[in-house]
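Each position in the sequence shown, counted from 1, maps to that position plus 316 in the working numbering.
Using N, Cα and C, we set each Cβ at its ideal position, and we do this for glycine too.
Source: prediction; values computed, not measured.
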Amino acid sequence: MKQKEKLKRARTFMTKFHRNDYSGHDIAHIHRVERLALYIADREQPVNTFIINMACLLHDTVDSKLTNIDEAAKNLRTFLASLEIEKNECEAILHIINNISYNHAQTHTTMLTKEGQIVRDADRLDALGAIGIARTFQFAGAFNEPMWSNEVDFPSLINGTVNLNDLSPSAIKHFYEKLFNLKDLMHTKTAMTLAKERHNFMQQFVQQFFYEWESSI
Ligand code: ADP
Ligand code: NI
């Protein structure tokens with residue numbers, strides 16, 4: 317089977333999986349990650365673009381937040397086997413999918429391949445900037461979290477005196493527990509540059525959010 321056909325089938329598999337998602341993992345997220353990763357890959361050659369592309373398309377089909385993870389992993393393996401992908405490539409794709417998540421990286425020190433680093437950078441870039449903000453609020457809505465829990469004031473949040481573990485979940489908390497950390501965790505130079513812009517935009521957003529939240533006008 318030609319690579320082009322394998323990618324086409326992966327796209328169909330992904331589309332079926334993400335079709336009804338309103339938690340920030342919709343089909344458009346996968347397309348953006350794919351475009352970002354291919355843009356980075358172009359500037360970080362030599363890399364295996366096929367592995368990157370396949371991993372992007374399938375990267376959120378095994379996620380404990382979205383599905384039963386054991387069943388999803390089994391479905392994905394069966395699907396990859398049906399494409400007659402050679403064993404090395406198959407393992408490389410699965411290794412990326414199993415290791416890119418932020419939570420996983422917090423607790424594991426698994427080294428990613430260059431291809432894995434690019435997919436992770438692309439996925440993280442889509443958690444930043446205007447799209448990142450939109451996804452965060454969409455996620456919060458989908459998982460019954462408020463925009464902000466209002467437990468502390470803005471100055472104590474930004475000057476780092478608050479123990480984030482003491483705050484209940486909210487979209488704004490997510491900026492401090494994850495999103496503002498991401499710009500320093502990019503692997504590639506290309507992604508670092510894009511991340512800085514998106515990071516600055518989010519900072520402005522949060523500032524304006526609190527200005528309006530606390531405003532008496
Ligand atoms: P991905 O694997 O695509 O990075 P995640 O499952 O980590 O996606 O999260 C999906 C989106 O929701 C991302 O934009 C992420 O930053 C955001 N998100 C994740 N956890 C939370 C949370 N607890 N509250 C609000 N937004 C969240
Ligand atoms: Ni993703």
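Residue i CB to nearest heavy atom of the ligand ADP below 8 Å
i: T506; result: no
i: A487; result: yes
i: T452; result: yes
i: E461; result: yes
i: S484; result: no
i: K499; result: no
Residue i, enclosing alpha helix (DSSP H) - first and last residue
i: E321; result: 319-334
i: M427; result: That residue, M427, is in no alpha helix (DSSP H); it is neither H nor E in DSSP.
i: L501; result: That residue, L501, is in no alpha helix (DSSP H); it is neither H nor E in DSSP.
i: A443; result: Taken as a continuous stretch (DSSP letters only), A443 belongs to no alpha helix (DSSP H), as it is neither H nor E.
i: L352; result: 343-359
i: F395; result: 385-398
i: K494; result: Note, K494: premise wrong, no alpha helix (DSSP H); not H, not E.
i: P471; result: 470-474
i: H375; result: Taken as a continuous stretch (DSSP letters only), H375 belongs to no alpha helix (DSSP H), as it is neither H nor E.
i: I533; result: First-last for I533: undefined, no H or E at that position.
i: K414; result: The displayed chain sequence assigns Asn, not Lys, to residue 414. That run of the alpha helix (DSSP H) goes 403-415.
Under 9 Å between C-beta atoms of residue i and residue j
i: F329; j: L373; result: yes
i: F470; j: F526; result: yes
i: V468; j: L483; result: yes
i: I409; j: M370; result: yes
i: A487; j: M463; result: yes
i: H334; j: T377; result: yes
i: T365; j: L352; result: no
i: M502; j: L441; result: yes
i: L399; j: R325; result: yes
i: G448; j: L392; result: no
Heavy atom of the ligand NI within 8 Å of residue i beta-carbon
i: I346; result: yes
i: R341; result: The displayed chain sequence assigns His, not Arg, to residue 341. H341 Cβ: within cutoff of the ligand NI.
i: D439; result: yes
i: H375; result: yes
i: D337; result: no
i: V349; result: yes
i: D442; result: yes
Anticipated Cβ contact below 8 Å, residue i with residue j, distance rounded
i: V363; j: A357; result: 5 Å
i: H515; j: K499; result: 4 Å
i: I367; j: E407; result: Contact flag wrong, Cβ pair sits at about 10 Å.
i: L535; j: Y492; result: This structure cannot settle anything about residue 535, because the visible part of the chain is limited to 317 through 533.
Residue i beta carbon near the ligand ATP (any heavy atom closer than 8 Å)
i: L495; result: In the structure shown, the ligand ATP is absent; the only ligands present are the ligand ADP and the ligand NI.
query: Taking one C-beta from the stretch 430-447 and one from the stretch 406-419 each time, how about it: are there three or more such pairs within less than 8 Å?
result: Touching, yes.
If contact is defined by three or more beta carbon pairs under 8 Å, each pair taking one atom from either stretch, is the stretch 338-347 in contact with the stretch 454-466? Flag = yes, the stretch 454-466 and the stretch 338-347 touch.
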